[in-house]
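Residue numbers (the numbering used here), protein chains in the order written: chain H, 155 to 473; chain L, 558 to 912.
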């Protein structure tokens with residue numbers, strides 16, 4: 155038996171020393187690196203490079219048709235003295251804050267409503283998604299008509315009801331225009347918030363509500379003590395995205411007001427486009443865009459801390 | 558503490574009737590186990606006592622009060638759920654004190670009651686932890702702690718041990734029973750595990766298809782099952798059933814399948830030739846020369862006993878022996894049921910015939 159076994163072993167070629175190449179071929183990290191390369195390539199080419207180029211441009215006086223030279227912080231000094239830029243910063247912050255808060259409140263309300271047993275639940279849930287599905291420019295055009303100074307259906311209806319006697323100038327008056335674009339943004343942004351929060355609500359075990367019922371909680375106490383705390387992780391994600399999308403919004407404003415009247419609805423994104431592409435001052439436009447970065451970083455930091463695993467989420471998975 | 562009275566209680570979900578008129582009386586301080594196969598309505602009944610399900614008909618009393626329309630929080634009950642339903646974002650202490658907090662109890666009172674409950678269950682070192690950081694058995698104990706803190710009239714347990722591993726289940730079984738002996742709170746406990754029912758209950762309620770099959774003390778159900786369902790459900794391995802006829806002319810006997818003669822201690826009068834089901838528990842067989850011939854199929858030693866599957870008159874029967882017989886598959890043995898311990902059931906109705 156032993157002889158036989160030994161004989162077989164000796165018949166085989168002696169095992170070769172494994173080379174560096176052999177080890178590389180079985181190395182999981184090496185394989186992982188190659189799987190990562192395409193994605194990294196895309197990100198570098200389409201995100202990192204344009205971002206870097208934009209930041210670089212903000213330090214030059216590049217115009218359309220003329221390569222610029224490095225001028226240091228001159229663009230930023232210009233902007234610091236530019237009241238329209240500061241107006242756009244104010245508009246952006248106002249737009250983002252008001253729209254995000256209302257989107258969150260209404261979105262959460264809708265999510266809770268849709269989580270109840272409603273008749274035609276599936277259809278209603280699908281309907282809620284409509285604003286999200288419609289291309290932004292299309293809905294912006296529709297809003298443009300709805301809020302038109304002459305043909306607005308809202309003005310018409312109110313006139314028919316005898317509540318007002320002349321058309322409301324939705325998009326011509328500064329504050330009306332701000333309210334109108336914020337309304338359009340809210341309309342468009344709610345489905346994302348509502349559906350994502352609904353998904354979060356559905357992960358909350360019904361037995362927790364039963365336990366709370368027996369513990370003596372009423373509906374409001376259940377919402378405060380169970381639903382809301384269990385939803386915080388997903389609220390952090392949703393609101394981060396919502397804030398980022400709102401802050402960088404461009405399409406709605408451009409289609410509805412182009413920043414008007416008298417720059418009252420100019421956001422940093424639309425102002426940057428106007429300066430860089432329409433007027434051709436690429437360097438200055440790039441500086442406005444770059445100026446958005448600190449705000450966005452601040453928003454991400456907030457969510458970063460919001461997204462930290464809470465103490466109760468640590469430890470073993472709930473099996 | 559309070560008694561619970563369930564009078565002709567019915568439950569329907571739309572057109573589906575799941576409980577068809579159930580009557581149970583639970584005395585003050587009693588440990589009652591509702592047991593039955595899945596879908597028998599035991600959990601629904603418990604949830605009706607808790608107030609989580611509406612009562613479609615009949616009436617439930619806790620103490621002297623009809624609670625049909627009383628909301629759960631005013632019924633003064635506490636419930637332990639199968640998946641524990643601990644609030645994941647609250648510490649053990651907060652979980653246990655939540656109901657008191659909702660009642661706006663003072664912080665001192667909450668602390669002292671939580672601590673007392675934690676002491677009873679040995680949970681003090683865990684009070685600051687979150688449910689995720691606990692093992693299954695610890696979570697189970699916290700769920701019980703949450704119930705104890707409230708000092709309710711009635712404890713309700715909904716299959717509380719089914720998420721635990723076998724060893725822990727046995728340990729927690731003892732703990733719950735011990736806890737009941739200490740607190741003496743009326744307890745209603747739902748399980749599908751008849752061993753749990755037998756070991757823990759003062760009184761077992763066997764349910765099947767939305768009806769109560771039998772109510773009684775554990776050993777009463779074991780010794781005198783009212784019908785075939787209870788006979789087959791209580792006891793493990795299950796009782797053997799053999800179909801045949803009673804023979805009362807001359808020597809009282811039971812004529813089983815393939816004309817197998819089986820001994821019968823007693824039978825109701827004038828039951829000669831009556832079709833019946835002969836029930837014998839696996840542990841009530843002995844090996845005897847005058848037993849019925851059976852061929853051994855499978856031998857399963859468990860250490861403390863030997864379980865044998867054998868063909869008796871063409872039917873599979875299970876016999877359990879505490880003696881270490883050296884059986885082999887294919888071997889012929891003679892099995893003799895203890896005639897004073899056999900059960901006789903009506904073939905048509907399944908009702909018990911012998912007294």
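Cβ atoms here follow ideal geometry from the backbone N, Cα and C, with glycine treated the same way.
All values reported here derive from a predicted model rather than from experimental measurement.
Neighbours of residue 367 of chain H in chain L, taken as residues whose beta carbon is under 9 angstroms from its own, are 607, 608, 609, 628, 629, 630 in chain order. Annotation: Cβ neighbours of residue 375 of chain H in chain L (cutoff 9 angstroms, chain order): 659. Think of a sphere of 7 angstroms around the beta carbon of residue 362 of chain H: the chain L residues whose beta carbon falls inside it are 642, 644, in chain order. Under the rule that a run must span 4 or more residues, the alpha helix (DSSP H) segments found entirely inside the segment 609-677 of chain L read 649-659.
The contact set of residue 311 of chain H on chain L, defined by CB atoms closer than 8 angstroms, is empty, because the minimum CB distance reaches about 43 angstroms. With a minimum length of 3 residues, the unbroken runs of beta strand (DSSP E) contained wholly in the segment 801-842 of chain L fall at 810-812, 818-820, 832-837.
The DSSP-derived three-state label of residue 570 of chain L is strand. Of all residues in the segment 330-358 of chain H, none places a beta-carbon less than 7 angstroms from a beta-carbon of chain L.
Rounded to the nearest whole angstrom, the CA to CA distance from residue 655 of chain L to residue 758 of chain L is 30 angstroms. Pairing residue 615 of chain L with residue 384 of chain H, the inter-Cα distance amounts to about 38 angstroms. Shown here for residue 787 of chain L: same chain residues with a beta carbon closer than 7 angstroms to its own, the five before and five after excluded, namely 763, 770, 771, 778 in chain order. Contact between residue 580 of chain L and residue 604 of chain L does not hold, since their C-beta atoms are separated by about 18 angstroms, which reaches or exceeds 8 angstroms. Beta bridge pairing from DSSP links residue 564 of chain L with L:616. In the structure shown, residue 748 of chain L falls within a strand segment according to DSSP collapsed to helix, strand and coil. Using a Cβ-Cβ distance cut-off of 8 angstroms, the segment 403-414 of chain H and the segment 196-204 of chain H are not in contact, since fewer than three pairs of beta carbons, one from each stretch, lie closer than that value. The beta carbons of residue 425 of chain H and residue 349 of chain H sit about 32 angstroms from each other, so the pair does not count as a contact at 8 angstroms. Using a Cβ-Cβ cut-off of 7 angstroms, residue 655 of chain L is close to 369 of chain H, given in chain order. From the beta-carbon of residue 635 of chain L, the residues of chain H found nearer than 8 angstroms are 368. Just measuring C-alpha positions, the residue of L:783, L:734, L:700 sitting nearest residue 720 of chain L is L:700.
The Cβ atoms of residue 254 of chain H and residue 396 of chain H lie closer than 8 angstroms to each other. Under DSSP, residue 902 of chain L shares a beta bridge with L:834, L:909. Within the same chain, and ignoring the five residues on either side of residue 419 of chain H in sequence, the residues whose Cβ sits closer than 7 angstroms to its Cβ are 245, 331, 332, 335, 407, 411, 413. Listed along chain H are 361, 364, 365, each with a C-beta nearer than 8 angstroms to that of residue 638 of chain L.
According to DSSP, residue pairing for residue 711 of chain L in a beta bridge involves L:634, L:743. Residue 794 of chain L places its beta carbon 8 angstroms or farther from that of residue 871 of chain L. Segment contact: the segment 313-323 of chain H against the segment 273-282 of chain H, fewer than three CB-CB distances shorter than 8 angstroms; contact not assigned. Taking CB atoms only, residue 227 of chain H has no neighbour in chain L less than 8 angstroms away. Of all residues in the segment 376-394 of chain H, those with a C-beta nearer than 7 angstroms to a C-beta of chain L are 380, 383, 384, reading in chain order.
Ranked by how close their Cα comes to the Cα of residue 894 of chain L, the residues L:835, L:743, L:879 have L:835 in first place. Under the 10 Å beta carbon count, residue 743 of chain L is surrounded by 16 or more other beta carbons and is classified as buried.
Using a Cβ distance threshold of 8 angstroms, residue 347 of chain H and residue 261 of chain H count as a contacting pair. Looking only at H:353, H:328, H:422, H:340, the smallest Cα-Cα distance to residue 415 of chain H is reached by H:328. Its Cα nearest to that of residue 399 of chain H, the residue H:449 stands out among H:449, H:373, H:374, H:429. The continuous alpha helix (DSSP H) containing residue 599 of chain L extends over residues 599-607. Per the coordinates, the alpha-carbon of residue 342 of chain H lies some 49 angstroms from the alpha-carbon of residue 668 of chain L.
One thing to note: residue 785 of chain L has its Cβ no nearer than 8 angstroms to the Cβ of residue 896 of chain L.
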